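A short write-up of the structure that comes next.
Residue numbers (the UniProt record's numbering): 1 to 318.
Given below as structure tokens:
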């Protein structure tokens with residue numbers, strides 16, 4: 001088991017460390033990562049996830065339904081709890097609370113999902129499909145809540161506020177039309193209709209997908225190299241929630257649903273991943289800086305070196 005854990009995590013953190021070093025050594029501008037982010041989020045990862053979903057039989061896609069239930073419930077519970085604490089206990093502004101909350105609630109599926117599941121369960125179409133499903137859940141069912149709050153507060157400042165009921169469908173649509181969401185969804189639709197993608201087309205886009213994992217990890221390290229650590233109560237609560245409480249929430253849901261085998265392991269390990277960077281990215285887009293979210297992103301990424309092996313070990317017998 002120790003060999004499996006080391007084999008799973010070593011490449012991940014080595015590549016992240018290279019990205020971190022490149023940013024700190026100024027070999028790459030860690031404050032302007034837009035081009036690399038576009039490559040990962042709009043081209044490489046969508047290609048990898050589309051390839052996975054379109055080659056998966058429809059029955060296999062339907063079998064991912066329990067994973068959706070576990071992920072959505074674990075993310076929503078963490079989101080509600082952290083947002084309540086941020087606004088009522090730590091007295092943060094709504095937009096700052098939204099950025100930190102999304103950072104905690106939405107794991108880093110994009111960068112860490114494929115390498116972790118691939119190392120633990122094997123690099124198969126099923127593991128790639130699970131990552132695609134996870135990203136779609138987070139993009140469509142989580143990010144709109146953060147964007148809704150950011151848009152609402154921006155509208156208040158500009159004096160052009162719209163109702164939340166009007167804005168939410170628009171924001172969900174904006175999430176769906178992102179390549180990282182619609183590409184795997186297109187693969188699902190084609191699979192549902194029994195369409196077989198020509199091998200020539202698959203072999204054409206496959207090299208782009210192969211670049212996804214390493215580039216996403218390098219990008220994560222690069223982003224982390226630009227962050228400053230400022231530890232306070234909010235950061236401690238957020239980090240503990242992300243690394244320990246949220247995965248055990250997922251574990252409880254898995255037990256309640258009676259899941260076992262690879263599906264149960266996937267459900268827990270995907271939630272046990274470090275915090276994602278979508279919250280920080282969205283905050284920057286709206287001019288909202290959240291040092292607490294940045295610190296949580298950095299701390300959870302580092303401490304996941306300890307917590308991920310813990311959950312890999314705990315789920316080994318499921």
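C-beta atoms are modelled at their ideal positions from N, C-alpha and C, and glycine is treated no differently.
Please read all numbers here as calculations on a predicted model, not as lab measurements.
Burial state of residue i, where buried means 16 or more other Cβ atoms lie within 10 Å
{"i": "residue 206", "result": "exposed"}
{"i": "residue 74", "result": "buried"}
{"i": "residue 319", "result": "Not covered by the structure: residue 319. The range shown for the chain is 1 to 318."}
{"i": "residue 62", "result": "exposed"}
{"i": "residue 276", "result": "buried"}
{"i": "residue 147", "result": "buried"}
{"i": "residue 46", "result": "buried"}
{"i": "residue 80", "result": "exposed"}
{"i": "residue 123", "result": "exposed"}
{"i": "residue 108", "result": "buried"}
{"i": "residue 209", "result": "buried"}
{"i": "residue 188", "result": "buried"}
{"i": "residue 272", "result": "buried"}
{"i": "residue 184", "result": "buried"}
Beta-carbon proximity of residue i to residue j, cut-off 9 Å
{"i": "residue 274", "j": "residue 44", "result": "no"}
{"i": "residue 51", "j": "residue 128", "result": "yes"}
{"i": "residue 135", "j": "residue 181", "result": "yes"}
{"i": "residue 397", "j": "residue 220", "result": "Look at the range of the chain in this structure, 1 to 318, and you will see that residue 397 is not part of it."}
{"i": "residue 36", "j": "residue 115", "result": "no"}
{"i": "residue 139", "j": "residue 53", "result": "no"}
{"i": "residue 270", "j": "residue 71", "result": "yes"}
{"i": "residue 104", "j": "residue 296", "result": "yes"}
{"i": "residue 64", "j": "residue 133", "result": "yes"}
{"i": "residue 66", "j": "residue 267", "result": "yes"}
{"i": "residue 260", "j": "residue 318", "result": "yes"}
{"i": "residue 42", "j": "residue 178", "result": "yes"}
{"i": "residue 82", "j": "residue 100", "result": "yes"}
{"i": "residue 311", "j": "residue 262", "result": "no"}
{"i": "residue 315", "j": "residue 265", "result": "yes"}
Backbone CA spacing between residue i and residue j [nearest angstrom]
{"i": "residue 301", "j": "residue 235", "result": "13 Å"}
{"i": "residue 299", "j": "residue 239", "result": "7 Å"}
{"i": "residue 19", "j": "residue 280", "result": "18 Å"}
{"i": "residue 230", "j": "residue 291", "result": "7 Å"}
{"i": "residue 12", "j": "residue 304", "result": "11 Å"}
{"i": "residue 15", "j": "residue 22", "result": "11 Å"}
{"i": "residue 200", "j": "residue 254", "result": "40 Å"}
{"i": "residue 278", "j": "residue 223", "result": "11 Å"}
{"i": "residue 195", "j": "residue 202", "result": "13 Å"}
{"i": "residue 40", "j": "residue 215", "result": "7 Å"}
{"i": "residue 233", "j": "residue 90", "result": "8 Å"}
{"i": "residue 28", "j": "residue 256", "result": "47 Å"}
{"i": "residue 176", "j": "residue 93", "result": "28 Å"}
{"i": "residue 251", "j": "residue 309", "result": "15 Å"}
{"i": "residue 87", "j": "residue 143", "result": "18 Å"}
{"i": "residue 33", "j": "residue 60", "result": "36 Å"}
{"i": "residue 110", "j": "residue 131", "result": "8 Å"}
{"i": "residue 193", "j": "residue 186", "result": "11 Å"}
{"i": "residue 313", "j": "residue 258", "result": "19 Å"}
{"i": "residue 156", "j": "residue 169", "result": "19 Å"}
{"i": "residue 38", "j": "residue 173", "result": "19 Å"}
{"i": "residue 117", "j": "residue 10", "result": "14 Å"}
{"i": "residue 145", "j": "residue 121", "result": "32 Å"}
{"i": "residue 58", "j": "residue 228", "result": "45 Å"}
{"i": "residue 152", "j": "residue 137", "result": "23 Å"}
{"i": "residue 166", "j": "residue 154", "result": "15 Å"}
{"i": "residue 76", "j": "residue 17", "result": "31 Å"}
Beta-bridge partners of residue i, as assigned by DSSP
{"i": "residue 107", "result": "275"}
Integer-rounded CB distance, given that residue j should sit under 8 Å from residue i
{"i": "residue 293", "j": "residue 30", "result": "Not confirmed; about 17 Å, so no contact."}
{"i": "residue 95", "j": "residue 288", "result": "5 Å"}
{"i": "residue 286", "j": "residue 85", "result": "At roughly 22 Å, the Cβ-Cβ gap does not stay under 8 Å, so residue 286 and residue 85 are not in contact."}
{"i": "residue 78", "j": "residue 249", "result": "7 Å"}
{"i": "residue 102", "j": "residue 282", "result": "7 Å"}
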